Each structure stands twice: as C-alpha cells, then as structure tokens.
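Q:
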Amino acid sequence: MAGKSGRTIIAEEKFSLKKLLVRWETFLVIIFILVNIMNANISDKYMSVPGLFNATNSFLSIAFLTLPMCYILLIGEIDISVGAQVALSAVLLGISFNAGLPMWLAVIVALGVGVVCGFINGIIAIKFTELNPMIITLGTQILFRGIAEMILKDQSTGGFTSVKWFSNLYWGKIGGVVPIMFVIFVICAVIFGVVMHKSTFGRRMYAVGSNKLAAKYSGINVPKMRLTIYTLTGLFCGICAVFASSQMGSARPNVGSGYELDAIGMCVLGGVLTDGGKGNFIGAMISVFLLGLLKYGLGLVNVSSNIMLVVKGALLIFAVMIPHLNLGRFFKKRAVKAA
Amino acid sequence: GSKSDSGEGTTTAPTQAATDNTDDGSGDAGSADPYATDGTYAIIVKSAGNPYNKKESDGYKQVIEAQGGTCVIQEPEAATAEAQITCINNVVSQGVDAIAIAANDTDALEPALKQAMEQGIHVMSLDSAANANSREVFVNQAGTTEIAQTLMDAVLDISGGEGNWAILSAASTATNQNAWIDGMKSVMQDSKYSKLNLIGVYYGDDEYQASVDQTAAILADDPNVKVIVAPTTVGIMAAAKVLQDEGLTGKVKLTGLGLPSEMADYIGADDAHSCPYMYLWNPIQLGNLAAYVSIGLVNDVITGAAGETFTVPDANLGENGSYTIKEAADGGTEVILGAPFAFTPENIAEWATVY
Amino acid sequence: MAEEYILELKGITKIFPGVKALNGVQFRLKKGEIHALMGENGAGKSTFIKVITGVHRPDEGEIFIDGTKVELKGPKDGQSHGIAAIYQHVTAYPHLSVTENIFMGHEKVKRGFIDWKQMHQDAQDLLDQLNSDFKSTDEMGNLSVAQQQMVEIAKALSSNAKIIIMDEPTASLTKNESENLYRIAEKLRDEGASIIFISHRFEDMYRLASRVTVFRDAKYIGTYDVDKISNHDLITAMVGREITDMFPKPDIKFGEEVLRVENLNREGYFKNVSFNVRAGEILGLTGLVGARRTEVIQTIYGVEKLDSGKIFLEGKEVQIRNPQDAIKYGIGLLTEDRSNLGLIQSWGIGRNITLTEIEKYGNKFFTNDKAERAAAKELAENVDTKAVSLFDKVSTLSGGNQQKIAVAKILASDLKLLIMDEPTKGIDVGAKAEIYDIMGQLAQRGYAIIMISSEMPEILGLSDRIVVMCEGKVTGELSRDEATQEMILEFAMAKSLKATEKE
Amino acid sequence: MEKKSLWKTITGSREASLVIVLVILCIFIASRNSTFLTLGSIEGLFKNYAVNFVLTCGMMLVLIIGGIDISIGSTLAFSGMTASLILRDFPETSVLVAFLISIAVGCVCGLIIGAIVAFGKVPPIICTLGAMSIYRGLAYLVAKNEWVSASEFSKAYKAFAQSRYLGFGLINNLVVIVIILLVIFYIVMKWTPIGRKVYAVGSNAEAALVSGIKVTKVKVACYTILGALAGLSGAMFTSLYASSQGNMGEGIEMDVIAACVVGGVSLNGGRGSVVGVFLGTLIISIIGKGLPMIGVSQFWQRAIKGLIILLAVIINVLVQRQMDKAALKRREI
Ligand SMILES: Nc1ncnc2c1ncn2[C@@H]1O[C@H](COP(=O)(O)OP(=O)(O)OP(=O)(O)O)[C@@H](O)[C@H]1O
Ligand SMILES: Nc1ncnc2c1ncn2[C@@H]1O[C@H](COP(=O)(O)OP(=O)(O)OP(=O)(O)O)[C@@H](O)[C@H]1O
Ligand SMILES: [Mg+2]
Ligand SMILES: [Mg+2]
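Chains as they are written, first to last, in my numbering: chain A, 930 to 1268; chain B, -11 to 343; chain C, 1141 to 1643; chain D, 4 to 336.
1) Report yes if the CB atom of residue 82(D) is closer than 8 Å to the CB atom of residue 134(D), and no otherwise.
2) At the 8 Å Cβ level, is residue 1464(C) part of the contact set with chain D, yes or no?
3) Chain A partners of residue 60(D), CB-CB under 8 Å?
4) Which same chain residues end up closer than 6 Å to residue 1480(C) when comparing Cβ atoms and leaving out the 5 residues on each side of it in sequence?
5) Check the Cβ-Cβ distances between residue 302(D) and every residue of chain A, and say whether any is below 8 Å.
6) With a 10 Å radius around its C-beta and 16 neighbouring C-beta atoms as the bar for buried, classify residue 1461(C) as buried or exposed.
7) Relative to the alpha-carbon of residue 137(D), which residue among 116(D), 90(D) and 295(D) has its alpha-carbon at the smallest distance?
8) With a threshold of 8 Å between beta carbons, is residue 216(D) in contact with chain C?
9) For residue 1467(C), collect the residues of the same chain with a Cβ closer than 7 Å to its Cβ; drop the 5 residues on either side in sequence, then sort them by chain order.
10) To the nearest angstrom, how far is the alpha carbon of residue 92(D) from that of residue 158(D)?
11) Closer than 8 Å by beta-carbon distance: list the chain D residues that pair up with residue 1247(C), in chain order.
12) If we require 4 or more residues per run, which alpha helix (DSSP H) segments fall completely within the region 190 to 239 of chain D?
13) Need the endpoints of the beta strand (DSSP E) that residue 1167(C) sits in, please.
14) Counting only runs of 4+ residues fully inside the region 57 to 100 of chain D, write out the alpha helix (DSSP H) ranges in chain order.
15) Let me know the secondary structure DSSP gives residue 273(D) once reduced to three states.
16) Using the rule of at least 16 other Cβ atoms within 10 Å of the residue's Cβ for burial, across every protein chain shown, is residue -4(B) buried or exposed?
17) Going straight from the alpha carbon of residue 333(D) to that of residue 1447(C), what length do you get?
18) What residues in its chain sit with their C-beta under 8 Å from that of residue 1198(C), if we drop five residues either side in the sequence?
19) Measure the C-alpha to C-alpha separation of residue 1017(A) and residue 143(B) and round it to an integer number of angstroms.
20) Looking at chain D, is there any beta carbon in it that lies within less than 8 Å of the beta carbon of residue 64(B)?
21) In this structure, does DSSP put residue 125(B) in helix, strand or coil?
22) Locate the beta strand (DSSP E) running through residue 152(B), then write down its first and last residues.
23) Compare the C-beta of residue 1529(C) with all C-beta atoms of chain A and state if any pair is closer than 8 Å.
24) Grab me the residues of residue 1133(A)'s own chain with a C-beta within less than 8 Å of its C-beta, minus the 5 sequence neighbours each way, in chain order.
25) Count the CB pairs spanning the region 1002 to 1014 of chain A and the region 1219 to 1236 of chain A that are closer than 8 Å, and state whether there are at least three.
26) Roughly how many whole angstroms lie between the Cα atoms of residue 257(D) and residue 1137(A)?
27) Excluding sequence positions up to five away, which residues of its chain have a Cβ less than 6 Å from the Cβ of residue 120(B)?
28) Which residues in chain B sit within 9 Å of residue 1235(A), going by Cβ to Cβ distance?
29) Going by other Cβ atoms of all chains shown within 10 Å of its Cβ, with 16 needed for buried, is residue 1282(C) buried or exposed?
30) Along the chain, where does the alpha helix (DSSP H) that runs through residue 890(A) open and close?
31) Check the Cβ of residue 69(B) against every Cβ in chain A and list those closer than 7 Å, keeping chain order.
32) Using only CA atoms, which one of 1556(C), 1217(C) and 1311(C) lies nearest to residue 1648(C)?
33) Is there a Cβ from chain A that is less than 8 Å from the Cβ of residue 270(D)?
34) Kindly indicate if chain D contains any beta-carbon less than 8 Å away from that of residue 160(B).
35) Assuming residue 109(D) and residue 235(D) are in contact, meaning their beta carbons sit under 8 Å apart, how far apart are those beta carbons, in whole angstroms?
36) Going along chain D in order, which residues have a C-beta closer than 8 Å to the C-beta of residue 1069(A)?
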C-alpha cells in the first residue's frame, strides 16, 4: 500500500544556523560566558581552578535535586516537597547513626527514607489523579518536615565527622583539587542526560509532558512512569541528604528548607519549563553552574545577598520571557509576507 | 521560618558612653599597640536583614577599620547553616586572616570551619557559638548561669515570691535558649524559689505569629499565670503585644531578653505596662570585643586557651578593657562580654533610640 | 437602493507564522440567505470565519457590513455588528453552567447584578426550542460533545444576531439532530437572519443552502447556485481533481474471527454488549449520539474498566487492563478526538508516528533516530499525507492530514484489529475518499476493522456487517445486503426496545 | 427544576462538608479547652489571621484564572515595610495614608507580575518565583537591613489593629476589613458579570477570547488585585504586630494556597467559591490557633497540619467519586 500520489517526505532535519542561534541554550551559554568574564574582572581571585572547584561544592549538593526535578517538570508536574524529603532523610540518617548503626547502613537508611517519601508522593499522585501534584506535594512537604520535627524536636543529631569516608563525600578532593561530589554529580548528570534525550523512557517522558491523554492512548504506562519519577526524586533527595549531612557533619529538621524553589528555579532557567514537554537537560545543567558561579563571583566581592536575591529573581523572569518574545517566529512571518 | 533572632547570648552593661566608645577606639588606633593590623577580617552574620546582627557587624567593622585592617561582611541570604557555609567558602577563597561567625547551627558548620582553620585562618564565633571543635574562642554576650540566675531573680521579684509562671522560648536552632532554660531549672532547685510553679515551656519558633499563638495558649492553659519569661526578642515582643491587646497588663507580667527599641512601649512600672524591666546586652560592644579578639588571635596576642588574660584598648569594654578567657560549658573556651544589662522604665527611652 | 449584500469581504489575506491561511479571498452574503462555505480541510474556512467575527484581524482586505466599510478590532466589535458564530471547535466553559455558557459576555443584568433566575429561564427556553434533553443549570463539562454543540447553537441564538455563522455544526450530530438544526436554521432565515454554513456534508448543503462558495488552498474558487451546480462539478471545484469511486471496497474473503466480546457491562454506560469481527471484515458500529459506542470501544482498548463481560481475541479470552495490553494483543484505536487523544500537537509528525513503537526501532533502553525516521517516512508516505517533512508539527496540518498521520501511527504497531472511531469526522470529501481507500486496503491485508460512524452513507457504503446501538445496548445487527437506512434508524431509536441478546 | 433534598445538598456541596469538618474540629478543641469558643477567643482568631483571610480572597482570584502567585509573602513585606518606613520618617502620617501607601505599593507589585504573566507569557509559577526573591530583596534594601520597631510607629497606627471604631465599637477593625472584603468578593464573584468573567477566563481562556472577553486584561486585573490585597495585608500585619521586619510573611503563601485548596479552589482554574475559601482559611487558622490550646506539642503541629491538608483534599476526591458513581448507578440503560 503506497501513497497514490507518490509524494515523498523529507526525513532529515535541515541544519539551520538561525534555529541554533535562537535556541535558549545558546543564550544560556552566552550569559554563562558573560558572567564568567564579569566575575573574573570584579575579583582577581575568581579565575583559579581550585577556587572554582571549591565553589561548585556550595551548589552541587542542591543540584542533585535538579536532576530528577528536570524529569518531574518535563512530565508537566511539580514536586515542592523535595526540601522536606531531604530533611527527613537527613534526620533519619543521623538517628540511625547515633543509634549505633554503621555509617554505610545509615546512608542506606537515608536513601531508603527518600525512596519511601517519593513513593508516597507518587502513590497519592497516581491514585488520586484528580489532585494537582502541587497540592499533593504541598501537603507532604508540611507532613515530611513535620515528621522530622516530631522525631528530633529542636535538637540536632551529629557526630558524623568521626567517620572519615563519610566526611570525604562532601569535603574530599581527588588529587586535592577535584571534589568527589563533583565527580559523582557529573556521572549522575550524564546518566540523566542520556536517559532524557536518548532513551525510550526519555521520549515517553516528553510525550507524557506534552499530552498525558495522547500518551496514555499510545500505550504508555503513565501511572508507572509517574510513580517511577517521584520515587527517583525521593532517592535523589536521599542522596542530597547524604551530601548535606556530610557537608554539615550533623542534621536538623530544618535542613533543606527552600531547596525546592532553588531546584525548580535552576531547571526553569535552563528552559525546562513548568508546563511540561519542554526543555533540554543541557540547559538545566548550564543554569546550575551559571547561577552557582554568579553567586560565587558576587560573594567574592561581598555583594549583599539582598542584591543577589533581586538579580536572581530578575534573571529567572527574563530568562523565561526571552524565548516567548520568539524571534524565530518573527523572522518566519516576515519571510512569508515577502514571498 | 522567620528567625528574627537575637534572643541569644548575653552581656554587658552598656554605659551611657556606648555610642561614643568607638570614636575613642579609633583615637587609639594610631599608636603601635598590639591590636594594630593590616589584615583582612571577615564577619559572617546570621542572615541579611537582621538589624541586631547588623549592630554586631557594625561594631566589628568599626574596630577592625580603626585598627588599620580590612573588614569583610558576609550576610547569608537565609538564616541557615547551608547559606553560612557558602559564605565561609567565599571568604576562604578571598584569603582572609580571620573569620568571626554568629553561627546559625552549633554543629553544622564544624566541617567548613575546620577546613578554614586548616588553611591557617583564625576562627572565632560571637553571639551564637559554633561548637568547641570549630572555633578558637567564643565571644559570649553573657554567661549561661548569669542569665539563668538573673531571669530567675526577676521572676521571683516580679511575682512577689510565689505563683505560676511560664517560659516562652524560641525553639531556636541555637542551643543557648535551651541552655538558659536548663540553667533556670537548676537555679529553681534553691528553696528560695520553692513557691514558684513553672507551668511549662512554650515554643514560639521565633516567629511572630507562632509566638502570639503560643502566648495565647499560655493564657488559656493557666488563667492564673503571673509571669511570662521570654528569653527571645521575638517572643517577648509578641507576648507583650498579646498582653497589651488582651488588657492583661495589670494581671500578667512579662520579662526576659528583648530589644529596647521593640520593647520601649511595653516597659513601665504601672499596670498599663506589662513589662517592669527586661535585659539584654549591647550588640555593638559585642562586635567591638569580637573584633579585638579576632585581631588578638591573628597577632598572636592570645591563642584562645582558657586562662589567658588580655586587655583591649577600649576602656568601655569589661573592666577597663581587661578580659579573661574561660572554659565554656560546651568544652571550648569563651570570653564573656559582661553581665546582662537591665532596661528599666528609667533608662528605656534613651536606649530605644540606640538599638 | 437598499444594499443587497449584508456582508461583503474583499481581498482578505491572513498570514499565520509560516502559513498563508487566506490569500485574497472574497465573499458576499445576501440578506436572508443560507450560504454554504465549502472546501477541503485547511482551505481556510475557519480562519475566514474568525476574520468575519473579529477574532483574527486580516493582514489585507476590506470588510463591508450593510455596504459600509468596517474595521473589526476584536470579537466585541463583531458582536456589536450583530455577528454571532458557532465555532468549529467547541468553545465551552466546562466549569460553568449551561446558562452561563449561553449568556457569557451579555448577561442579563438588573441594577448591576446578574438576574440568575431570568437567565436560567431564558436559557431553558432556548434549550426547549432546540429540543435538548438537558437543563440550563447543568454543568457544561458533564455534557457530551453533541450536547455542548447544542449549547453553542443556543448561544448564537441568544444574541439575536443578524448574521449567524455555523462552522461544521453537524460534525458531531446525528441525522435526527441535524434535522432539528436544519429547522432552526430555516426558522432563523425566515425571521430575516443571514446564515453562513460550513460543512463537509453535502446533504447539509443540499438541504439548506441556496448558494455555495468554495475555497481551495486559501484561495477563492467561486460562488455557485446550489441547484445549478452538479455534485461532480462541486467536488472537482473543491478538490481540484476528479474523484470517481467514494467507497472502493474490494471483495475480500473473511478470515478467522479476531475479536469477540460477550456481555460487556459498565455501570451507567452500557449493558450486555456482544459482537464479533473477523479478519478482513469491516464492522460498522452505529447509533445515535449518546449510544455509548465510544465507551464500549474505549473499554475494549483498556482505557476504562469493565464491570463484567468477556473479551476473546482469536478465540482466547484476554484481560485488557490498559492500552499497553490492547496494543500487545494487536488492537489499535483511532480515537474520535484526534487532536487531544490521538496525536501530540506540538510534536513533529515523525515522532508522533513512531511513539507507540519506539522500542521496535531501537532497543528496550535506547532510541534509534535513524531507524525511526526511516519507518516514519515510509508510513507517512503510505497514507499520502501532504506534510513536507517529518519535522512538520502536527498542529500545522489540516484535520484530514492529521487523521492520516493518526492512521499512520496506529499502523506502526503490529495489529490484527483496528478500531476507528468516527474516522472521517470533520474531514473533507477528498481526504474522506482517501481514508476509505486506506481502510479498504487494510481490510484486504487481513486486518479486522471496527468502524464507528454516525454517517449513514459511510456505514452503508463500507460496512460488511452493521451493529446498531442505542443508549448503551446493542439493538440490532444487519448484514451488508439487508441493511437500509430506515432499518438502521429504527434500531438506533429503539429506545424502549429490549436489547436483543447476541451470541 | 426539582428542589434538591437536604441530604443531597449536604453531600453534594463541598462547602457543607467543610462545615462538618469545621464543626468537628471546633467541638474537639472546645471539649478540651473551654476558652476556645468564647467570643474573645473567636475575635482573636479572626484578628490574628485577618491577613490570611485577606490574602486567600486574592489568591482565589488568581487560582480561578488558572494562575498562582507565590510572591505574596514578599509583596506583603515590601509594601508593609515601605509604609512602615514612611511612618517612621514622617510620624504624623495618618493611618489611612499609611494603608493607602501600602496598598499602592502592593498594587504596583501585582501589576508588574500580571503584566509579565499576561503579556510576557511567562508561566505564573516561574514569574512569581522570581518576583518572590525580587520583592523580598527590595524589602530588605529599602529598609537598609533595619527593622521598624514598635516605638517608631505612631500611636494611632499601632492602635488601629486593636481598636473597634470601624466596627462601631463591637468588632475589631481588622475583622471589619475582613468581613467587608468577604462580602464584596461574594457579591462580585457571584452576582456581577465582572466576577463571572474571571471564572470564564479560568474555565477556558480561548473561549473567553472569542466571546470578546479581554483575557489579558482580566489576568492583569486579578494579579493586581491580589497585589493590592497583599499590600493591604502588609499594612494590617505591621499594624497588628507593631513591628516591621524584612522577613515578615515568609512562607505565608503556602498557608494561603493550602487554605484555598482545602476550601475547594482548583489549582487548574475555573473552580472556587468565596464561601469555600472562607471556610478553608478558617480551618487552617483553627489548626494554628487551636492545637496549641489543647496542648499538642509544638513539634507535632506541623505534621498534623500536613496530614489534615492531605486528608481534606483526598477525602474530597473520594466523596466526589462516590457521588459520580451513585449518579451512574441511577442512570438508566
Ligand atoms: N492560529 C493559527 N496559527 C497558525 N496556523 C493556523 C492557525 N489557524 C489556522 N491555521 C492554519 O491555517 C490554515 C487554514 O486553517 P482553517 O482552520 O481555516 O481551515 P478549514 O478550512 O477550516 O479546515 P477544516 O475543514 O479542517 O476545518 C491551515 O493550514 C491551518 O493549519
Ligand atoms: N444521559 C446522560 N447523562 C449524563 N451524561 C451522559 C448521558 N448520556 C451520555 N452521557 C455522556 O456523554 C458521553 C457519551 O456520549 P457520546 O455522545 O460521546 O456517546 P458515543 O456513543 O460515544 O457517541 P458517538 O455515538 O458520537 O460515538 C459520555 O461521556 C457520557 O458520560
Ligand atoms: Mg475549519
Ligand atoms: Mg463517540
């Protein structure tokens, strides 16, 4: 059964420089370069390899949350309970450690707690599809942090520094320069990026994010995917909790407050928008480093964090507004008119 | 949560000259005193937008600059340990000589501060201590026992020797609140206080609205409560407001630790005011002393070990500027600024304009 | 001289980014006439309508109402000139009541406050005029598509417009309801309104219109008197080529039974539904709107849960819990609502076609773009889409071409049974013929096909066997030879008839 | 139209089920603490949560049009701080003027958000996430990191939140503001074409566009109104607490959104009622005020609140499903 008209269809994507140039990621790279040039100019201490690696430590532990958050946003949902999941995981890591468990087991407990929290979010989300994920995770956000508070009250649980390898997770550096956490992050990021862009799972995530119903009718198991992603998010909250605990050598119920907005902000600045089906993993990763290094550079010259708040907010809004001004479309329309 | 903070710490009697003393300090700067310096000193406060902390950093900066050094002020964007660690990283990268920090969390800064110390940076804390492992010395506003004793005596005095009383705390992440409360409980063992009955400790989380709710809960739990002690600036403010609004100023009295500017309206001896007197210390002087201690550590005037004595070139501090470093309860060492200062109906108007 | 034309448009051009939707078209509407507007999918009809109502502003061209040149800056301007429209894609407020849907924008206000009582009453009166079976206080979202279409009509009536535009109002109506609509349209015309009527159904045009204007490829082709132009010429004008045989069903030997369902039940939807279909057979499933045909096949496809009943595939009983299961068993579904359920509008056609079967081209974990594109290219060429490249977004295609892509998409899977729900809904005559052609070829290749349709000619012309449903029950089954329009209608309206149990 | 039976009305309306939750909550708390249901205590509750009531009204608007605004806490702080600074520097400023200044600042904040969302096509959650940090930063910056403390406010301003002159000596001023707002919102949303336009935009923006509703205008208006209400809250907040701090109102957005959701406003737009929102806020406030009164440990309160929010929304879904099912059962086949 062949087409009657014998028309053929172009199957190759035309390379278009213009298209590449109007991509959001291109803008991000440009901003990234500009920020680095600016930073290098305002502080002569900025351009030092150990210094920069050091700086990555400040933001990479939160950045672990951006990895699954990209997926969550990609399928058109949102999880604002991640900070609370980090808190609960960290608190239970501390509790188990101080109850005499070996640290490796306590780490597994933390990861397990994260997975359970994520799973709870996921289960509620798929069993009650009527509910907007925002309200589910708003509820669990309060609940998870509340449980952490119930367990630890206003106390902290600490003493993690006594376990050297655990301290090294955050503080250790390979060859004295490259932080261990940086290496782990890069490995995780590569895996997440490949899955998002090269795997069947990734393609299906884009489908679910673009149109949940059409995806369902196309034989995609949407509930399973959502459950998987929420649970994965929980796991990475556990991972983030492990690094945060290593960073601080102790844990408290207020750990990770506000992480959710930081993580969402980084994804969104990277072009993984909240309406689903859009964005690119590279963009999110560029924005992680863009924001982190911007903050580091301004911190080096002791700019008040109030000004940083304003800059960060403005950057976020402009970042999302620029693609909407849609230069590509503007060119196209002119071309048609001319024709 | 909005940690508006500062009910932590203790100290000194601000003399009338408190506002001028920094000028005196700078006057001394020229001579070749052991506190002259050309180094860079960083102070990390609890968070941006906290005027109490700002007074501390102002005091710190005045002295550092007067002594010839460079002062770096870092204000974390939130009152969390994470944000402070970022600040620590920043100042370490800048290659400062010393860090003074008002810790948002006792233990959580240990790894970061230890790393700074390993790089040869002198680390001390002020206002709210980082744990013993992560500092060379702590500049304490007031000793825990002094505060506990002072507050207990205030309860005894205000209640007339007997009756029910309650504590409105902050549930702050800084441990000093609980240290004071424990201290008060042990002071209470004395038979002198036997007719006082503590009905409970309430936690307002250093949030205004929560503190208001907690105050209401105190009043609901025990309508006969006589005295509320709030060793937190937010808590005392909220409690004062509730008592005022409920028209209970004659019936329930209030004391604790509070900012004079916030509490000026509520302090008075009559039944129209709920708070007969309260205590605090002078944050500017705390910053001043912290700066001298920082310079002292860098210039090797002191090492931070217990038993050391030193004299700062500012007669308004301590007894003619002389201090002794003592063992602190947490196993580290500390310098105590002085005893808590009482704000009374007589002096409050004057202090309300200072901080 | 009183103006003969109440509405006149000249040289209208409208450009969307990348598409010239209208290219210098003209149009004249007489007072008190019903004027049909016809043309292939994507010819620009709906865009043209939106220009008339002021939703779109034309890039070039002039609009005259009653001989005076007007400029419509927005829908409000259109309304104030007495223009009302029933848009092609139902523009409902699902959370609001029917009353509000009807009166939104021109509420009945008394002393600044809405007069709810009066408004509900007026809305109910309008609904009664239309013989509708729901209440003005019902929530719009709970109504079926056809019922919502009724509300749209009531909305247009409520504004007492002198120019009423109906963009494919009959697309989701059955014969009966269409008949109802014809009467309303005629009544309005007799009361002095002028009506523009867009439809792909020739019967609509013959029944109603006195003149017809044809667009093709965004251009004006001509205006004809309906009784002076032959069907054949009209089709040629629309399509630009000749269409010979609409229903080219080749003779096919039926194979084994592919699907048999027995006593399917879903509470509140349908009861004891049984039928079967064999390889190479096209089973027509018809009935009036609300007959719950869509629900039955959605249940078979695993979208909804079955309360009781059995499904046999090639003689073996199977459990289908979700669409994955259905696809695994070789069942494909072409949905009724292709723009929301069938395709991902923001994607290119290539990725849409391969979505269901990505694993087939790569492996369980990784995609293989090259293999995917090759497969998508072949499938897209097979259905003869007008798209130029696999990277053309679905949203830029006309309805007919979208439907072809949807067909290509289900053909990507290894199927035995195709379920096609209203496969030609809203599709122009040219594309229809092509879809019929594709269906015939598929049957010949041994697929079993279930076709749901409300269009009598299609059911009669294509089906080998016809199952008729009425309000959730199977009321009759007819072979191709015995079926007549009357018999089908009788079964379809067998409201009080007891369901005839089928083996 | 047949009259619905009482039972049907109760089970069929979200508001009725909220009332039941409310009654149970009140009885439970009152049985353990008799002072809870006294007039004074009730007025105190409304007074202390007046800000939440005001904000939920505005948030409801924004949620109905399918948007969201998480920057209200920051707007509250920025506008409240601006008004406080003016009161500090010009002590003779009247209460009304201070309130108007605060409202005006909030209005501008909201207008900017509305414009960015409507014209810049920035998703609201992102826009307000950005605005949240910008306005918070500005609140600190205008105050140069200072607080405005009780002694720096005028007597009249501090007294405003404690007096009853707007309520003819019977009702606290702040409570009067809340009551007036609720009544206005109730009437506008239910009985005027303007209110219905908001629902129309939220229900189907495209349909609203073709029926001639200026969708962007409605959107901008809703955000502006929320901004203005956040400004009003800023003044109420500073007057009530007689203190103005850069971090005030932090996190209030979550409480406000939670109250709206418990009150039945759909985060997907198109649905929500003033009565529901009122009840939702009341429930959240009672959890905040009531739990400490019955001696629930401070450290348990957050978890309980989270649990109640989750249960409220889940139970609502279950009830809805049950109703749908019952309707299907009745349907004849
Ligand atoms: N908002 C829009 N943006 C971009 N392109 C559009 C838009 N609306 C319509 N088009 C394009 O304009 C062309 C004409 O579309 P239109 O909907 O007017 O066709 P039609 O004749 O109504 O077709 P159908 O019979 O399928 O309803 C199509 O190619 C369509 O894709
Ligand atoms: N009496 C009714 N009351 C409420 N809802 C109904 C009623 N009848 C049908 N519906 C709803 O309408 C839809 C079924 O109507 P619809 O017209 O789509 O049936 P169908 O058989 O799928 O139609 P078609 O014959 O066009 O395929 C379902 O969503 C159903 O819930
Ligand atoms: Mg059309
Ligand atoms: Mg159907």
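Even glycine gets a Cβ: it sits at the ideal position worked out from N, Cα and C. These numbers were taken from a predicted model, which means no experiment stands behind them.
A: Inspection of the coordinates gives the following:
1) Cβ atoms of residue 82(D) and residue 134(D): not closer than 8 Å.
2) no
3) Neighbours of residue 60(D) in chain A, taken as residues at a C-beta separation under 8 Å, are lacking, since the least C-beta distance is about 19 Å.
4) Take residue 1480(C), set aside five residues on each side of it, and no residue of its chain has a beta-carbon closer than 6 Å to its own.
5) Cβ-Cβ to chain A under 8 Å: yes for residue 302(D).
6) Under the 10 Å beta carbon count, residue 1461(C) is surrounded by fewer than 16 other beta carbons and is classified as exposed.
7) 116(D)
8) yes
9) 1496 and 1553
10) Going from the Cα of residue 92(D) to the Cα of residue 158(D) covers about 14 Å.
11) 196 and 199
12) The qualifying runs are 196 to 206 and 208 to 213.
13) 1159 to 1170
14) 75 to 92
15) Here residue 273(D) sits in coil by DSSP.
16) Here the model assigns residue -4(B) a pLDDT of 40, short of 50, so the residue's position is not dependable and the matter cannot be decided.
17) Residue 333(D) and residue 1447(C): Cα-Cα distance of roughly 16 Å.
18) 1152, 1153, 1154, 1162 and 1191
19) Annotation: residue 1017(A) to residue 143(B) spans about 39 Å, alpha carbon to alpha carbon.
20) no
21) When DSSP states are grouped into helix, strand and coil, residue 125(B) belongs to the strand group.
22) 151 to 157
23) yes
24) 1144, 1149 and 1154
25) Touching, no, given that fewer than three Cβ pairs across the two stretches are closer than 8 Å.
26) 28 Å
27) 318, 319 and 320
28) Under the 9 Å cutoff, chain B gives 36, 37, 63 and 65.
29) exposed
30) Here chain A has residues from 930 to 1268 only, and residue 890(A) is not among them.
31) 1177
32) Look at the range of chain C in this structure, 1141 to 1643, and you will see that residue 1648(C) is not part of it.
33) yes
34) Low local confidence applies: a pLDDT of 49 at residue 160(B) is under 50, so the model's placement there is unreliable, with the coordinate-based value given in what follows. Residue 160(B) does not count as touching chain D.
35) 7 Å
36) 309 and 313
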